[in-house]
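Chains as they are written, first to last, in my numbering: chain A, 751 to 1169; chain B, 8 to 245.
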Amino acid sequence: MRSSFKLLSASWLAAMAAFGLSSQNEARSEERLASVIEKGEYLARAGDCVACHTSPEGKLFAGGLAMPTPFGTLYTSNITPDVETGIGSWTSDDFYRTMHEGRFPDGGLIYPAMPFASYTKVSREDSDAIFAYLRTIAPVTQHNREHDLDFPYNNRSLILGWRTLFFEQGNFKPDQSKSDEWNRGAYLVEGLGHCGMCHTPINALGGNSEADAFKGGLIPMQNWYAPSLTSNKEAGLGDWSIEDITDLLQKGISHRGAVYGPMADVVYNSLQYLNDADTRAMAVYLKSIAQDSPKPATSRLPHAESSLLLSLGKSVYDRECAVCHGANGQGEPPHYPPLAGNQSIQMDSAVNAIRMVLNGGFPPGTFGNPMPYGMPPFSITLSDDEVAAVVSYIRTSWGNSGAPISAAEANRLRSAPLQ
Amino acid sequence: MNLSNLALGLCCILLLAGASRVSASDDAQREMAKRLEACTPCHGAAGKGTDDPYFPRLAGKPAGYLYNQLLAFRSGRRKYPPMNYLLHFLPDTYLRQIAEHYASQSPPLPAPDPSDVSAAILAEGEKLALAGDAERGLPACVSCHGAFLTGQKPGIPGLLGLRASYISAQLGGWRYGTRTANAPDCMQVVAGNLSEDDVRALSAWLASRPAPANRDPEPEGTFELPLTCGSQVMEGHQ
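Given below as structure tokens:
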């Protein structure tokens, strides 16, 4: 042991002599840069940059993805280090400005589809790391496509008004009364994770208000309902175990439920890459922000109509659903989620439950669940009446406290876009 | 323990090991079928197809062909919203496993499609499929899809067990450029030279074919293709 230590010391001295102190420093700074780049890649995953800035079959981060909005179609930008068409001429100050202020290097206003209202909370150090990582991406020469916005939204100066109403520039302020873990979770959820972009209701002007943070809302254009993270009646995780929450975020499945729709995108492209400590921190924070005791729902349908609906619903359920989800909605977790007690099914908005029956779907394929079990789409085999009946049945059975739905509600979602 | 007992014991162990291997692979097949329940309403159990003529049979098609289609549906290059939606968040490895699963299935072929076209049209379809039309730049179907129309590994599909309306819709998609393959896109070249009447005749004749004794796709390189096809080169993840 001692002799090998001597040998090491000897070779260490020899190395010092051979390369000199300056190359030592160089090597050390190279190592530092490599670790900053690695951190930047990780943070870019946490911020889910790839989901918007890469188009299908397109080059990584070259942009060009169409984002339909109620105001017209936006096309995402090229953030590769190409000097002419990407962000190759930007400095780390420029990059921080887009993240923190929502402005281009020349001061121009960025459309708030870029979640700078969340990214404003990202620290300068983290922004610099992401920028350092983006500098290492293969540059792609691809001009940004002009946005295709309706009048009057094609006037960028309107963004000023939007910013006055909905944008508050600022840094993340840790809550000293909470643990470091809780604060780390809050930083990730409110900042890079930009969870509020979907989980905070969006008003007619396309903004979210701080007072409504994480209270849920229908995602415009996609017709999926992003449930509230603060209400245990919806996706509030107040009575979930930390393990179930981390499973949901990291694997996409858990003993309480699975992710689907736009949340499957988030897990697939972003959350599955986060390390255990960060995932746990997010879980601790998310669990803490949902502490209410929700009231049961009341039915919107006349009693006679709903009891007819429910008896049809039970026969559809027993025929089509029970084989996987169990005769009493107990499921076979984690691959066949339980329906009894599943919050996602009992929310006031029945949109997600209806869409799952119509469209089916796979949870995302992740490191923790690489071969997910899919649910068949029933849009072909079930009529509107049957869809309404079975959704009403699962929303009101086995102690579930959702309200029945009508065939018209089921029919409306047949034409919901599938992307 | 004498020698013959020992030999008997060894035989038993080997037999058991063999049996457990078979059942492990059966279990894996069953589990895979459960994972893919989402596919059965349209593609049938084991990918054998359903009565709906617009949804294709998948069973027994070459894994490379199926994998290419899964990639194209996932990226949206091949457009069919319910497929695009289902595959959107599935990784390459899983798509390959799905492709291999359906390639290894061999449920019986459905009865040939009862045709509502005349004998003359069927004969026209047969002539084009078996001999092509060199003057119009049309190679015979069999020159790529195999003498028994069972396809060629890795990327050329068999054409058996498909209904006339599905074949006609796909040929239409190729002709109008809504269905494409990796460049060089040989099927687009061929379909571009087909007329409406050709499509009708070919679809009817192809759908009327009975099952051959051996339904397996031909091994890779069994015969030379008349055109260079990008789909015979396996696509990697970009």
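The beta carbon of each residue, even a glycine, is placed where N, CA and C say it ideally should be.
Nearest to ALA130 (chain B) by C-alpha distance, out of B:HIS108, B:ALA208, B:SER150, is B:ALA208. In the structure shown, GLY946 (chain A) falls within a helical segment according to DSSP collapsed to helix, strand and coil. Between GLY920 (chain A) and THR870 (chain A), the CB-CB gap stays under 7 angstroms. PRO806, GLU807: these are the residues of the stretch 801–815 of chain A whose beta carbon lies less than 7 angstroms from some beta carbon of chain B, given in chain order. DSSP, read as helix, strand or coil, puts ASN91 (chain B) in helix.
The bridge partners DSSP lists for ARG853 (chain A) are A:LEU859. For PHE80 (chain B), no CB of chain A lies under 7 angstroms from its own CB, so it is not counted at the interface with that chain. Annotation for ALA816 (chain A): the continuous beta strand (DSSP E) segment containing it runs 816–819. Residues of the stretch 1001–1029 of chain A that bring their beta carbon within less than 7 angstroms of a beta carbon in chain B comprise ALA1014, ASP1015, TYR1018, in sequence order. Assigned with DSSP and collapsed to three states, THR980 (chain A) falls in coil, not helix or strand. Check the Cα spacing between ALA110 (chain B) and each of B:GLN159, B:CYS151, B:LEU94: the tightest is with B:GLN159.
Collapsing the DSSP output to three states places MET194 (chain B) in a helix. In the three-state DSSP reduction, ILE880 (chain A) falls in the helix class (H, G or I).
In terms of CA proximity to HIS152 (chain B), B:ARG222 leads the group B:ASP59, B:ARG42, B:CYS49, B:ARG222. For the stretch 87–98 of chain B, the beta-carbon criterion of a distance under 7 angstroms to any beta-carbon of chain A is satisfied by PRO88, PRO89, ASN91, TYR92, LEU93, PHE96, LEU97, PRO98.
Contact with chain A is found for TYR101 (chain B), since one of that chain's Cβ atoms lies less than 7 angstroms from the residue's Cβ. Under the DSSP assignment, TYR937 (chain A) falls in the alpha helix (DSSP H) whose first and last residues are 930–940. Among the residues facing chain B, LEU1132 (chain A) is not included, as its CB has no counterpart in that chain under 7 angstroms away.
Think of a sphere of 8 angstroms around the beta carbon of GLN104 (chain B): the chain A residues whose beta carbon falls inside it are MET1121, in chain order. One finds ARG42, LEU43, GLU44, ALA45, LEU93 in chain B with Cβ atoms closer than 7 angstroms to the Cβ of GLY1124 (chain A), taken in chain order.
With respect to ALA154 (chain B), ALA214 (chain B) sits apart: the two C-beta atoms are not nearer than 7 angstroms. No Cβ of chain A is located within less than 7 angstroms of the beta carbon of PRO115 (chain B). Between the stretch 88–106 of chain B and the stretch 1107–1118 of chain A there are three or more inter-stretch CB-CB distances shorter than 8 angstroms, so the stretches are counted as touching. Residue pairing by DSSP places MET1125 (chain A) opposite A:GLY1111 in a beta bridge. For GLY967 (chain A), the beta-bridge partners assigned by DSSP are A:ALA976. Within the stretch 957–982 of chain A, not one residue has a Cβ closer than 7 angstroms to any Cβ of chain B.
In the DSSP assignment, TYR1086 (chain A) is bridged to A:GLU1082.
Under the three-state reduction of DSSP output, LEU899 (chain A) falls in the strand class.
Contact note: LEU1089 (chain A) does not reach chain B at a C-beta cutoff of 7 angstroms; the least C-beta distance is about 16 angstroms.
In the structure shown, ASN1161 (chain A) falls within a helical segment according to DSSP collapsed to helix, strand and coil. TYR825 (chain A) has A:ALA816 as its beta-bridge partners, per DSSP. According to the DSSP secondary-structure assignment, ALA53 (chain B) is paired through a beta bridge with no residue. The beta carbon of ASP989 (chain A) is closer than 8 angstroms to those of ASN982 in its chain, skipping five residues each way along the sequence. Interface with chain A (7 angstroms Cβ-Cβ cutoff): PRO60 (chain B) is excluded.
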